[in-house]
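Undergrad:
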Amino acid sequence: MSMSMIAEDTLMCDSPWGHTEFESKTLRNLLGCYPTGVAVVTTRTADGRDVGVTINSFASLSLDPPLVLWSLVNHSPNLAVFRDCQHFTINILGKDHQELAMRFANPRIENKFEDVAIHITPEGIPALHGAIATLVCENHKQDHIGDHLLMVGHVRRIGSETGKPLVFHSGAFTALHEAR
Ligand SMILES: Cc1cc2nc3c(=O)[nH]c(=O)nc-3n(C[C@H](O)[C@H](O)[C@H](O)COP(=O)(O)O)c2cc1C
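Residue numbers (our numbering): 1137 to 1316.
1) Just to check, is the beta-carbon of K1248 closer than 8 angstroms to a non-hydrogen atom of ligand 1?
2) If you draw a straight line from the C-alpha of L1285 to the C-alpha of P1243, how long is it?
3) Could you pull out every residue in the same chain whose Cβ sits closer than 6 angstroms to the Cβ of F1249, ignoring the five residues on either side in sequence?
4) Can you list, in chain order, the residues of its chain with a C-beta nearer than 7 angstroms to that of Q1234? Leave out the 5 residues immediately preceding and following it.
5) Could you tell me if T1178 is buried or exposed, where buried requires 16 or more neighbouring beta carbons within 10 angstroms of its beta carbon?
6) For E1259, collect the residues of the same chain with a Cβ closer than 7 angstroms to its Cβ; drop the 5 residues on either side in sequence, then sort them by chain order.
7) Where S1151 and S1196 are concerned, what is the direct C-alpha to C-alpha distance, given to the nearest angstrom?
8) Which whole-angstrom value is the C-beta distance of K1300 and G1230, which I expect to be below 8 angstroms?
9) Note down, in chain order, each residue of its chain lying with its Cβ closer than 7 angstroms to the Cβ of M1139, except the 5 sequence neighbours on either side.
10) Kindly provide the ranges of any beta strand (DSSP E) runs that are 3 or more residues long and lie completely inside the stretch 1244-1303, ordered along the chain.
11) Mapping the DSSP letters down to three states, classify V1174 as helix, strand or coil.
12) Bridge partners for G1230 per DSSP, in chain order?
13) Between the beta-carbon of A1267 and the beta-carbon of I1228, is there less than 9 angstroms?
14) At the level of alpha carbons, what is the spacing between F1158 and H1255?
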């Protein structure tokens, strides 16, 4: 399509395309059409308490140096724990880990790690057994942006197991389907 055709299309519109005023619920629903994986980020406090939160804000950021990012909502009771920790693990969940995802997303469960199989990494923090991929990260950078704390991790150790990922899309859990 030539530039002149685009300009013509634009001129032919009665009103400008798109919405410039929207409620955050509308934006949230729209963002939900972007499918993501699901992970549980974990760490251990200085006094030995294990902490974990389900996230889908995880993303890769850089390969050289190896950096990843995720974000935690400002009102999380674990904000200071993650902001100040030395290391955290990103545990990427498999398609059969829906219960684990719900468990670590439920603030009413006092000890989210009860009956959850974990191992302790050489850095001294918990990692979930059975995660299809685990990244142990050094807490590299944190920044309060909008209503979330942006966390950047320097990947120091990785491990993986075979398995298909759990997927989150339009507010619901799903799995990958074969293209045909
Ligand atoms: C699929 C899914 C993805 C989520 N992603 C995030 C996220 O990226 N950041 C976040 O702060 N909360 C996220 N949440 C919500 C937290 O898991 C939930 O608020 C949890 O209670 C936080 O734990 P805490 O209250 O013990 O800190 C997500 C929940 C689900 C079910």
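Where is the CB? At the ideal position from N, CA and C, for every residue including glycine.
TA: From the atom records:
1) Taking the first residue of the sequence shown as position 1, residue 1248 is located at position 112. At least one heavy atom of ligand 1 is nearer than 8 angstroms to the Cβ of K1248, so yes.
2) Working through the sequence shown from its first residue, we reach residue 1285 at position 149. Working through the sequence shown from its first residue, we reach residue 1243 at position 107. Cα-Cα distance, rounded: 18 angstroms.
3) Within the sequence shown, residue 1249 is the residue found at index 113, counting from 1. Within the same chain, F1249 has close Cβ partners D1186.
4) The residue given as residue 1234 occupies position 98 in the sequence shown. Hits under 7 angstroms: L1302, F1309.
5) Taking the sequence shown and counting its residues from 1, the one referred to as residue 1178 is at position 42. When all chains shown are included, T1178 counts as buried.
6) Locating residue 1259 in the sequence shown gives position 123, counting from the first residue. These residues qualify, in order along the chain: H1223, V1272.
7) One-based indexing of the sequence shown puts residue 1151 at position 15. One-based indexing of the sequence shown puts residue 1196 at position 60. S1151 and S1196: Cα-Cα distance of roughly 38 angstroms.
8) The sequence position of residue 1300 within the sequence shown is 164, counting from 1. The sequence position of residue 1230 within the sequence shown is 94, counting from 1. Correct: roughly 6 angstroms between the Cβ atoms.
9) Position 3 of the sequence shown holds residue 1139. Because M1139 carries a pLDDT of 49, less than 50, the predicted location of this residue cannot be relied on, and the following value inherits that uncertainty. Result list for M1139: empty, nothing under 7 angstroms.
10) For the stretch 1244-1303, whole beta strand (DSSP E) runs of length 3 or above, ordered along the chain, are 1254-1256, 1262-1264, 1269-1281, 1284-1296.
11) Here residue 1174 refers to the residue found at position 38 of the sequence shown. In the structure shown, V1174 sits in coil (DSSP, three-state: anything other than H, G, I, E or B).
12) Position 94 of the sequence shown, counted from the first residue, corresponds to residue 1230. According to DSSP, G1230 shares a beta bridge with P1301.
13) On the sequence shown, residue 1267 is found 131 positions in, with the first residue counted as 1. On the sequence shown, residue 1228 is found 92 positions in, with the first residue counted as 1. Taking 9 angstroms as the cut-off, the Cβ atoms of A1267 and I1228 count as close.
14) In the sequence shown, residue 1158 corresponds to position 22, counting from 1. In the sequence shown, residue 1255 corresponds to position 119, counting from 1. Straight-line Cα distance between these residues: approximately 45 angstroms.
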